[in-house]
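If you number the sequence shown the way our numbering does, the last residue is 180 and the count never jumps.
In this text, a Cβ means the ideal position worked out from N, Cα and C, and glycines have one as well.
Data block below; observations after.
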Amino acid sequence: MTDNASFDPLSSLVHNWTTMALAPQKLWQSINSGWSFGNIIVNENNSSAPQTEQAIVAQESYGRQIGKLLDAVDTLARRQPDWSDTEPLKAATDLKIRVDGVKLAMAQRRIDQLRGDLELLRAAGPADQYDASVAALRKLLAELPETGD
Numbered sequence: 032m033t034d035n036a037s038f039d040p041l042s043s044l045v046h047n048w049t050t051m052a053l054a055p056q057k058l059w060q061s062i063n064s065g066w067s068f069g070n071i072i073v074n075e076n077n078s079s080a081p082q083t084e085q086a087i088v089a090q091e092s093y094g095r096q097i098g099k100l101l102d103a104v105d106t107l108a109r110r111q112p113d114w115s116d117t118e119p120l121k122a123a124t125d126l127k128i129r130v131d132g133v134k135l136a137m138a139q140r141r142i143d144q145l146r147g148d149l150e151l152l153r154a155a156g157p158a159d160q161y162d163a164s165v166a167a168l169r170k171l172l173a174e175l176p177e178t179g180d
């Protein structure tokens with residue numbers, strides 16, 4: 032494909048120079064003036080103290096905070112005689128059941144991943160590293176309480 036427009040180096044130079052002349056010479060804007068967690072953006076527009084909120088989330092993630100609140104709501108809801116007939120309480124307890132199900136599924140997934148990792152280490156890694164890993168796991172498993180089943 033050909034372009035019939037002629038190339039004018041002087042015009043290109045003037046255009047580039049004038050464009051750069053309009054750009055600020057010093058940028059003092061913070062690159063990360065806020066922060067985000069998933070789809071949540073925390074900055075000075077939606078938080079009265081974004082640094083405080085960031086420090087809190089560094090200690091206790093939103094997931095951990097919500098999980099503790101969900102545990103408390105579930106406990107309080109089940110103490111009510113009519114909890115299963117009260118839609119908001121039933122919805123909260125159902126949510127807790129679903130969240131706990133996801134946690135269990137993810138725990139099983141991590142165990143499956145560990146099995147695969149151990150098999151890889153046994154097949155391809157140094158034997159002493161495999162033996163040390165298995166010994167550490169056996170020690171950990173020996174310390175766990177029985178389920179009682």
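Just reading off the alpha helix (DSSP H) that residue i is part of, what are its end residues?
| i | result |
| --- | --- |
| L175 | L175 -> no alpha helix (DSSP H), and no H or E assigned at all. |
| D102 | Y93 to R109 |
| G147 | E118 to A155 |
| P81 | P81 to Q90 |
Cutting at 7 Å between CB atoms, please list the residues of its own chain near residue i, excluding the five before and the five after it.
| i | result |
| --- | --- |
| L126 | L101 |
| S115 | K121 |
| S164 | L149 and L152 |
Only counting the same chain, and skipping five residues up and downstream in sequence, which positions put a Cβ closer than 8 Å to that of residue i?
| i | result |
| --- | --- |
| A123 | L101, V104, D105 and A108 |
| Y161 | L149, L152 and R153 |
Which same chain residues end up closer than 6 Å to residue i when comparing Cβ atoms and leaving out the 5 residues on each side of it in sequence?
| i | result |
| --- | --- |
| R146 | none |
| S78 | E84 |
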